[in-house]
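As given, the protein sequences belong to chains A and B, one line each in that order. Residues in the first sequence are numbered from 1 upward in steps of one, following the numbering used here. Residues in the second sequence are numbered from 1 upward in steps of one, following the numbering used here. Beta carbons are placed, not taken as given, at the ideal position from N, Cα and C, and that holds for glycine. Structure, as structure tokens:
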Amino acid sequence: MNFLTAIIGHIGGTLLLLARTLNYLPTLPRQRARFIEQCYLIGYTSLPIVTILSFFIGSVLALQSGYSMENFGAKQFIGTLVGLTMARELGPVMVAILIAGRVGSAITAELASMKVYQEIDALTTMNIPPERMLVLPRLAAIVVMMPVLAIIANLCGWYGGALVSQYTATIAVDSEAYFSALKAYMKPKDIMDGLVKAEVFGFVIILVCCYIGLNTRGGPREIGASVTKAVVTSLILILVLDYFVTKALLFS
Amino acid sequence: MSPSYTASPFVGKTFGVTVANVTKKFGQTAVLKDVSLEVKPGEIFCIMGPSGSGKTVILKHIAGLEQATSGEVKIGEFDAADPATRNKVHLALVFQAGALFNSLSVYDNLALYPREHRECNEAGIRDRVMHALAILSLEKSAHKFPSDLSGGMKKRVAIARALVMEPQLLLYDEPTSELDPVMAATLTEIIATLREQTAVTSIVVTHDRDLAFNIADRIAFVMDGRIRGVGTPAEFKNPADPIIANFLNPVIDLKNPRFQQLENSP
Numbered sequence: 001m002n003f004l005t006a007i008i009g010h011i012g013g014t015l016l017l018l019a020r021t022l023n024y025l026p027t028l029p030r031q032r033a034r035f036i037e038q039c040y041l042i043g044y045t046s047l048p049i050v051t052i053l054s055f056f057i058g059s060v061l062a063l064q065s066g067y068s069m070e071n072f073g074a075k076q077f078i079g080t081l082v083g084l085t086m087a088r089e090l091g092p093v094m095v096a097i098l099i100a101g102r103v104g105s106a107i108t109a110e111l112a113s114m115k116v117y118q119e120i121d122a123l124t125t126m127n128i129p130p131e132r133m134l135v136l137p138r139l140a141a142i143v144v145m146m147p148v149l150a151i152i153a154n155l156c157g158w159y160g161g162a163l164v165s166q167y168t169a170t171i172a173v174d175s176e177a178y179f180s181a182l183k184a185y186m187k188p189k190d191i192m193d194g195l196v197k198a199e200v201f202g203f204v205i206i207l208v209c210c211y212i213g214l215n216t217r218g219g220p221r222e223i224g225a226s227v228t229k230a231v232v233t234s235l236i237l238i239l240v241l242d243y244f245v246t247k248a249l250l251f252s
Numbered sequence: 001m002s003p004s005y006t007a008s009p010f011v012g013k014t015f016g017v018t019v020a021n022v023t024k025k026f027g028q029t030a031v032l033k034d035v036s037l038e039v040k041p042g043e044i045f046c047i048m049g050p051s052g053s054g055k056t057v058i059l060k061h062i063a064g065l066e067q068a069t070s071g072e073v074k075i076g077e078f079d080a081a082d083p084a085t086r087n088k089v090h091l092a093l094v095f096q097a098g099a100l101f102n103s104l105s106v107y108d109n110l111a112l113y114p115r116e117h118r119e120c121n122e123a124g125i126r127d128r129v130m131h132a133l134a135i136l137s138l139e140k141s142a143h144k145f146p147s148d149l150s151g152g153m154k155k156r157v158a159i160a161r162a163l164v165m166e167p168q169l170l171l172y173d174e175p176t177s178e179l180d181p182v183m184a185a186t187l188t189e190i191i192a193t194l195r196e197q198t199a200v201t202s203i204v205v206t207h208d209r210d211l212a213f214n215i216a217d218r219i220a221f222v223m224d225g226r227i228r229g230v231g232t233p234a235e236f237k238n239p240a241d242p243i244i245a246n247f248l249n250p251v252i253d254l255k256n257p258r259f260q261q262l263e264n265s266p
């Protein structure tokens with residue numbers, strides 16, 4: 001019962017944080033510098049790892065599906081499989097997991113240490129709401145950067161799959177055939193659904209990480225505990241939301 | 001370094017503080033028990049007491065960082081727990097450890113408040129910041145980061161940051177802790193001079209007997225979450241209460257049986 005009460009309390013607290021943050025939305029234009037800084041931290045610095053991982057995920061997907069699909073003569077559809085899987089599922093989920101581990105953890109650690117070392121209290125006494133200065137620019141940045149990262153992940157995954165399909169002797173599907181199969185069965189809605197999922201995951205991750213960081217209590221040891229809590233919660237939420245958002249998008 | 005707080009841009013109303021029957025519980029533990037205090041406008045009011053007695057918790061209630069379990073705290077006629085009060089009262093709190101923003105330089109730490117509240121243009125902000133830094137002899141540290149500063153310098157930067165806010169109520173949490181005697185004396189002078197020149201109400205939580213006796217108009221002694229006595233420094237120099245007397249003039253007794261036990265231990 002206590003556990004359930006705590007969960008409901010945290011959901012309420014997170015929604016309250018969101019409501020307070022959205023209340024300061026009109027102040028975003030004059031926080032341009034902070035917004036750009038967060039876009040750089042969330043988007044630009046995540047690019048190398050997103051690029052490398054999505055390239056190899058696309059490659060492995062092509063390798064595995066090529067091996068399996070050859071058995072029933074369907075290897076000409078590798079492009080379709082890699083394209084749809086990356087766009088609808090692996091692209092957004094993988095980027096979200098990376099953002100949770102790389103950016104979400106850093107945000108929680110920063111806000112938790114600000115809380116523990118009374119910087120948040122100092123902001124409050126200075127009548128500078130932490131939601132305005134610390135949460136809003138991060139949420140705005142993730143809204144802008146998440147689709148960009150998801151599109152880059154899709155492209156890298158598709159090209160990784162194309163390279164493997166062409167240069168693996170047992171598959172030997174050339175790029176032209178691979179991309180024409182990819183285009184033949186992919187609709188704009190497939191890409192849009194993936195971007196919507198990425199957007200939802202990114203927004204929830206940053207909101208939850210900010211909430212956990214700002215609600216850290218105790219000493220330096222709690223900073224580590226908060227980071228662990230934020231990453232684990234984010235990973236669980238990504239997978240749970242993935243099911244519900246996918247279902248909603250498929251049947252909408 | 002001697003403080004020379006002149007030509008302050010701050011000319012405004014200062015506020016008294018009323019703490020009325022405040023009880024604060026963390027879980028089942030009562031940290032404050034029916035605390036009542038009255039701080040007059042323009043007064044320097046020191047809150048003394050042993051560690052863990054609840055001094056800082058009282059200060060946090062005044063700053064609106066804690067909500068009382070029962071009772072109320074008022075700044076002038078405004079409720080301290082109401083976030084809207086911060087729009088009506090310029091309140092500054094000098095934290096024990098400074099609570100400087102580690103990602104910002106000293107200059108930007110000070111400039112944050114006027115920038116966020118759009119109180120003046122960048123030239124005006126620069127004047128205010130450099131004026132506050134000059135008062136605390138910190139001009140050369142303007143572009144340093146908090147991690148490059150000593151404990152004493154962090155305290156001075158925290159006071160300078162409070163000055164930039166042009167406070168109408170100034171709260172200090174252990175301003176002289178961890179400072180050498182010379183720096184502690186300097187900060188004592190700064191607190192007194194600030195009040196003299198700006199008439200700002202100052203509430204100082206401290207262990208430092210010299211600080212309290214030198215600058216306080218009145219002192220409150222807190223023990224186990226209760227106010228044990230309130231009086232002037234003259235009254236506190238020879239307190240009738242033996243517990244307050246023992247805190248202010250502790251007797252070091254090397255013949256204490258506890259030390260004897262240590263001596264005889266193997």
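Cβ-Cβ distances below 6 Å link residue 199 of chain B to 14 and 42 in the same chain, with the five nearest sequence neighbours on each side left out; the list follows chain order.
By the neighbour-count criterion, in which 16 or more other beta carbons inside 10 Å mark a residue as buried, residue 35 of chain A falls on the buried side. Residue state for residue 21 of chain B is assigned as strand, using DSSP reduced to three classes.
Straight-line spacing of the CA atoms in residue 204 of chain B and residue 98 of chain B works out to 14 Å. Under a criterion of Cβ atoms nearer than 8 Å, no residue of chain B is adjacent to residue 131 of chain A; the nearest Cβ is some 12 Å distant.
Residue pairing of residue 68 of chain A in beta bridges, as defined by DSSP: absent, with no partner found.
Residues of chain B whose Cβ lies closer than 9 Å to the Cβ of residue 121 of chain A are, in chain order, 60, 63, 65, 93, 95 and 99. Among the CB atoms of chain A, one or more fall inside 8 Å of the CB of residue 86 of chain B. Along the region 146-179 of chain B, the positions whose C-beta sits under 7 Å from a C-beta of chain A are 165, read in chain order. Within the region 70-144 of chain A, there are no complete beta strand (DSSP E) runs of at least 3 residues.
Per DSSP, residue 20 of chain A is not a residue of any beta strand (DSSP E); the alpha helix (DSSP H) it occupies stretches across 2-23.
Within the DSSP secondary-structure output, residue 30 of chain B pairs in a beta bridge with B/25. Within the region 167-234 of chain B, the complete alpha helix (DSSP H) segments of 4 residues or longer fall at 181-198 and 209-215, listed in chain order.
Assigned with DSSP and collapsed to three states, residue 165 of chain B falls in coil, not helix or strand. For chain A, the residues of the region 110-122 of chain B that bring a beta carbon within less than 9 Å of one of its beta carbons are 112, 113, 116, 117 and 118, in chain order. For residue 70 of chain B, the enclosing beta strand (DSSP E) starts and ends at 70-75. Counting along the chain, the unbroken alpha helix (DSSP H) around residue 247 of chain B starts and ends at 242-248.
Close to chain B, meaning a Cβ-Cβ distance shorter than 9 Å, is no residue of the region 71-102 of chain A at all. Using a CB distance cut-off of 8 Å, residue 125 of chain A counts as an interface residue toward chain B.
No Cβ-Cβ contact shorter than 8 Å links residue 164 of chain B with residue 142 of chain B.
Among the bridge pairs identified by DSSP, residue 79 of chain B is matched with B/74. Collapsing the DSSP output to three states places residue 39 of chain B in a strand. With its beta carbon at least 8 Å from every one in chain B, residue 191 of chain A lies outside the interface. Contact check for residue 94 of chain A against residue 154 of chain A fails: the beta carbons are separated by 8 Å or more. It is roughly 12 Å from the alpha-carbon of residue 212 of chain B to the alpha-carbon of residue 189 of chain B.
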